[in-house]
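Taking the numbering used here, the leading residue of the sequence shown gets 236, the next gets one more, and so forth.
First the structure, in the form of structure tokens, and then the observations on it.
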Amino acid sequence: MSAPSGIPDAQQEFLRDALAGLTAEPKTLPGKYLWDETGSDLFDRICHNPDYYPTREEMTLLPRVAAELAARVAPGVTVVEFGSGASRKIRTLLDALTEPAAYVAIDISGEYLEGAIRRLAPDYPGIAMVPVCADYSKPVQLPVTAGPGGILGFYPGTSIGNFAPPEAALFLERARATLGPSLFLVGADATTEPERLQRAYGAANGLMAAFHRNILVRLNRELGADFDLDNFRHAITLCPDPLRVEAHLVAHRPATYRLGGASIAFAAAEHVRTDTSHKYTPAAFQALAIQSGWQPRGLWQAEGGSFALHLLESLG
Numbered sequence: 236m237s238a239p240s241g242i243p244d245a246q247q248e249f250l251r252d253a254l255a256g257l258t259a260e261p262k263t264l265p266g267k268y269l270w271d272e273t274g275s276d277l278f279d280r281i282c283h284n285p286d287y288y289p290t291r292e293e294m295t296l297l298p299r300v301a302a303e304l305a306a307r308v309a310p311g312v313t314v315v316e317f318g319s320g321a322s323r324k325i326r327t328l329l330d331a332l333t334e335p336a337a338y339v340a341i342d343i344s345g346e347y348l349e350g351a352i353r354r355l356a357p358d359y360p361g362i363a364m365v366p367v368c369a370d371y372s373k374p375v376q377l378p379v380t381a382g383p384g385g386i387l388g389f390y391p392g393t394s395i396g397n398f399a400p401p402e403a404a405l406f407l408e409r410a411r412a413t414l415g416p417s418l419f420l421v422g423a424d425a426t427t428e429p430e431r432l433q434r435a436y437g438a439a440n441g442l443m444a445a446f447h448r449n450i451l452v453r454l455n456r457e458l459g460a461d462f463d464l465d466n467f468r469h470a471i472t473l474c475p476d477p478l479r480v481e482a483h484l485v486a487h488r489p490a491t492y493r494l495g496g497a498s499i500a501f502a503a504a505e506h507v508r509t510d511t512s513h514k515y516t517p518a519a520f521q522a523l524a525i526q527s528g529w530q531p532r533g534l535w536q537a538e539g540g541s542f543a544l545h546l547l548e549s550l551g
């Protein structure tokens, strides 16, 4: 199903993707469209919620990792963060590294990205701040060259889990093309405890529900759809083989909505999947990295071995 002409390219892509997903069986919406300014702000609040364990574990682990990285990375490195969001975690790296040359922040939400850089820049006057509004799941042309210390990529959190294994391998290949010869620090989660996953992804004091329903807000605001938000509740499903958490919006009652000239019918209790978080053991993640042309160079794990930070290297 094609999008109509006469609207900006980004909106046309959004409409094409939404129509393709909502007319499929089962229905889906691409998770990347969760990340407008509102979605980014909601997720930043989720990261501060006690139930959302990945951020807490990572922020406990990251200072030690940053200190060890500082001893391995030459002065004047250019740091490139994929999915930079609020640019909070990067402070730990920038504080530890020796005279970083530049910080390149890549994020799909342009307004949120610009605001994050405005807040960060005054605290690091000696570091060039370079915001890049882009879909980092695709190849990205960096607007700066490597600093004298080379390039250090940074992909924190559990975002690699939003990709199924074949897609994760493709992302890692594209990141290698974006970064060139480089080191790459990547977060991954291997948590398997159902109760812990349910609290983190299904609760978070209602913030997760607001985060996922925001994609319907975007469809209404940006594409002229007429979805009734009150007709949808947020739910998660824990799925095995491969282990993953799926987020869904579930219709309370039958309804038909309009989007881009098409009619989108929902049955009562019908689901639309809005996101997926795959869980990767260290061995599984390292196998993906090697498959994608990276070489594992370091592994740090949180207490209990659930969350991990992986250091990868590409020689070109």
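Glycine is no exception: its CB is placed at the ideal position from the N, C-alpha and C atoms.
None of the values given here were measured: they were computed from a predicted structure.
If distances are taken between C-alpha atoms only, which option among the options comes closest to residue i?
i: HIS483; options: SER498, ASP476, PRO489 and HIS447; result: HIS447
i: PHE389; options: VAL507, VAL315 and PRO374; result: VAL315
i: GLU260; options: MET443, ALA502, GLU293 and PRO400; result: ALA502
i: ALA537; options: GLN246, HIS283, VAL300 and TRP270; result: VAL300
i: TYR371; options: LEU405, ALA363, GLY385 and TYR359; result: LEU405
i: ARG488; options: LEU464, LEU478, ASP476 and VAL480; result: LEU464
i: ILE450; options: PRO360, VAL507 and ARG411; result: VAL507
i: HIS283; options: ALA410, LEU418, ASN440 and PRO378; result: ASN440
i: LEU329; options: GLY437, PRO360 and LEU442; result: PRO360
i: GLU402; options: LYS373, HIS469, THR426 and ALA500; result: LYS373
i: ALA321; options: GLY350, VAL339, LEU332 and VAL312; result: GLY350
i: ALA444; options: PHE419, TYR492 and PHE467; result: PHE467
i: LEU523; options: PRO400, THR491 and VAL452; result: PRO400
i: ASP358; options: LYS267, GLY274, THR327 and GLU457; result: THR327
i: ALA504; options: THR258, ASP244, PHE249 and LYS262; result: LYS262
i: THR516; options: LEU534, THR380 and GLN530; result: LEU534
i: PRO391; options: PRO335, PRO475 and MET294; result: MET294
Does the beta-carbon distance from residue i to residue j come in below 8 Å?
i: GLY318; j: ASP279; result: no
i: ALA494; j: LEU432; result: Per the sequence shown, residue 494 should be read as Leu rather than Ala. No, they are not a contact pair.
i: ALA423; j: ALA305; result: no
i: THR393; j: PRO289; result: yes
i: HIS513; j: GLY437; result: no
i: ALA356; j: LEU348; result: no
i: GLY539; j: GLY415; result: no
i: ARG411; j: SER549; result: yes
i: ARG434; j: ASP286; result: yes
i: ARG485; j: ALA500; result: According to the sequence provided, residue 485 is Val. The question's Arg does not apply to it. No. Outside cutoff.
i: VAL312; j: GLY384; result: yes
i: LEU407; j: SER527; result: yes
i: ALA331; j: ALA302; result: yes
i: LEU442; j: ILE281; result: yes
i: THR333; j: PRO310; result: yes
i: SER541; j: GLU292; result: yes
i: HIS545; j: GLN530; result: no
Let's see if you can read the secondary structure: which residues bound the beta strand (DSSP E) around residue i?
i: TYR338; result: 337-342
i: GLY609; result: Residue 609 lies beyond the stretch modelled for the chain, which goes from 236 to 551, so this question has no answer here.
i: ALA543; result: 542-549
i: PHE406; result: Run containing PHE406: none in the beta strand (DSSP E); it sits in the alpha helix (DSSP H), 400-414.
i: ASP244; result: ASP244 -> not in any beta strand (DSSP E); alpha helix (DSSP H) instead, spanning 244-257.
i: TYR390; result: 386-390
i: SER417; result: 417-424
i: ALA503; result: That residue, ALA503, is in no beta strand (DSSP E); it is neither H nor E in DSSP.
i: VAL367; result: 363-368
For residue i and residue j, which I take to be in contact (beta-carbon distance under 8 Å), what is that distance rounded to the nearest angstrom?
i: LEU277; j: THR509; result: About 13 Å separates the two Cβ atoms, so there is no contact after all.
i: SER344; j: ASP271; result: 5 Å
i: VAL308; j: ALA337; result: No, VAL308 and ALA337 are not in contact; Cβ-Cβ is about 14 Å, not under 8 Å.
i: LEU297; j: ALA497; result: Their Cβ separation, rounded to whole angstroms, is 45 Å, which puts LEU297 and ALA497 out of contact at 8 Å.
i: PHE398; j: LEU547; result: Incorrect: roughly 15 Å between the Cβ atoms, too far for contact.
i: GLN246; j: GLU457; result: 6 Å
i: LEU473; j: PRO429; result: 6 Å
i: GLU479; j: THR427; result: For the record, residue 479 in the displayed sequence is Arg; it is not Glu. Actually they do not touch by this definition, with Cβ atoms about 11 Å apart.
i: VAL375; j: ALA369; result: 5 Å
State the start and end residues of the unbroken alpha helix (DSSP H) segment that holds residue i.
i: LEU348; result: 345-355
i: ALA522; result: 517-526
If you measure from the beta carbon of residue i to each beta carbon in chain C, is any gap under 8 Å?
i: GLY396; result: In the displayed structure, chain C is absent; only one protein chain is listed.
Check your understanding: What are the uninterrupted segments assigned as beta strand (DSSP E) that are 3 or more residues long and contained completely in the segment 427-500, given in chain order?
Key -> 467-474, 479-486 and 490-494
Check your understanding: Taking only runs of the alpha helix (DSSP H) that begin and end inside the segment 270-334, which ones reach a length of at least 4 residues, in chain order?
Key -> 272-282, 288-305 and 325-331
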